[in-house]
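Participant: Taking our numbering, I'd label the letters of the sequence shown as residues 625 to 796. Heads up, the beta-carbon is just placed ideally off N, CA and C, and yes, glycines get one too. For clarity, every value in this text was computed on a predicted model and none was experimentally measured.
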Amino acid sequence: EIEKFVNAFTVNETYFNREDHQFRCLTKDLLRERIAAGYGKDQLRLWSVPCATGEEPYSIAMWLLDKWPLVDAYSIEICGSDIDTEALAAAKRGFYGKRALMRLPAQVIDRYFHQEADDRWRLIDELRESVQFSSVNLIESNETRHHGQFDVPKRPHLLRRRFASHCCRQPL
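As structure tokens, then:
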């Protein structure tokens, strides 16, 4: 019953490349700083939470594959977590409508999606298999502890106001 209640009241407003300025910051500054500081010698772990129906962690994977020249030098683990179990199930299936793809260039859609119906696209298997999903309640510290250490914990929707007030004053 609690799970149904939580699923009914979560907000899953998202689409691919919703926060692409953050992806630029990720590859331009954050990953470079982490690597220079000795984090993730040959492995990087990124955590997208809350991830809703998966558009953000999949966007991170596509961005790294297409835009980060060091992508092949590292074993990269991308995890997406959310409290909404129905949203996570949808993320794992990898089916999306036209609205979710509205910010993706046609060549990215062609590379990473198969059109299943007029207004439905499915992520290619390789991309779906590259992102792991799990349910997590961020208020419960024992639930977050089992995820281990991440090089980049990304919580854009929880920190949106703080991130916007800090980063928007600085050029990317």
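For R727, which option in W687, C675 and I659 has the closest C-alpha, if you only look at C-alpha atoms?
Facilitator: Counting from one through the sequence shown, the residue named residue 727 turns up at place 103. Answer by Cα proximity: W687.
Participant: I'd like the list of long-range same chain contacts for S758, defined as Cβ closer than 6 Å, with 5 residues on each side in sequence excluded.
Facilitator: As a working mapping, residue 758 is identified with position 134 in the sequence shown. Excluding positions up to five away in sequence, the list reads S705.
Participant: Please classify W687: does DSSP put it in a helix, a strand, or coil?
Facilitator: Along the sequence shown, read from residue 1 onward, the residue named residue 687 stands at position 63. Note: W687 maps to helix in three-state DSSP.
Participant: Does DSSP put F647 in a helix, a strand or coil?
Facilitator: Residue numbering aside, residue 647 sits at position 23 when the sequence shown is read from its first letter. If DSSP states are grouped into helix, strand and coil, F647 belongs with the helices.
Participant: So, does the stretch 735-754 touch the stretch 706-726, judging by three or more C-beta pairs under 8 Å?
Facilitator: As far as the Cβ criterion goes, the stretch 735-754 touches the stretch 706-726, which means the pair count is three or higher.
Participant: Does DSSP put L694 in a helix, in a strand, or in coil?
Facilitator: Taking the sequence shown and counting its residues from 1, the one referred to as residue 694 is at position 70. DSSP places L694 in coil when its eight states are reduced to three.
Participant: Along the chain, where does the beta strand (DSSP E) containing Y720 start, and where does it finish?
Facilitator: As a working note, residue 720 is residue 96 in the sequence shown. From DSSP, the beta strand (DSSP E) with Y720 extends over F719 to G721.
Participant: Pop quiz: P681 and V755 are said to be a contact at Cβ under 8 Å. What is the actual Cβ separation, rounded to whole angstroms?
Facilitator: Residue mapping note: residue 681 aligns to position 57 of the sequence shown, counting from 1. Residue mapping note: residue 755 aligns to position 131 of the sequence shown, counting from 1. About 5 Å; that satisfies the 8 Å criterion.
Participant: Can you give me the C-alpha to C-alpha distance between K652 and F737, rounded to a whole angstrom?
Facilitator: Residue 652 sits at position 28 when you count from the first residue of the sequence shown. Residue 737 sits at position 113 when you count from the first residue of the sequence shown. Going from the Cα of K652 to the Cα of F737 covers about 26 Å.
Participant: Please classify G678: is it buried, with 16 or more other beta-carbons within 10 angstroms of its beta-carbon, or exposed?
Facilitator: Translated into the one-based positions of the sequence shown, residue 678 becomes position 54. G678 should be labelled buried.
Participant: Taking the beta carbon of S602 as the centre, do at least 16 other beta carbons fall within 10 Å, making it buried, or is it exposed?
Facilitator: Given a span of 625 to 796 for the chain in the structure shown, any question on residue 602 remains unanswerable.
Participant: Could you round the C-beta distance between I702 and F647 to whole angstroms and report it? I think they count as a contact, below 8 Å.
Facilitator: The residue given as residue 702 occupies position 78 in the sequence shown. The residue given as residue 647 occupies position 23 in the sequence shown. Not really, about 12 Å apart at Cβ, beyond 8 Å.
Participant: A676 and A711: beta carbons closer than 8 Å?
Facilitator: Numbered from 1 along the sequence shown, position 52 holds the residue referred to as residue 676. Numbered from 1 along the sequence shown, position 87 holds the residue referred to as residue 711. Closer than 8 Å, so yes.
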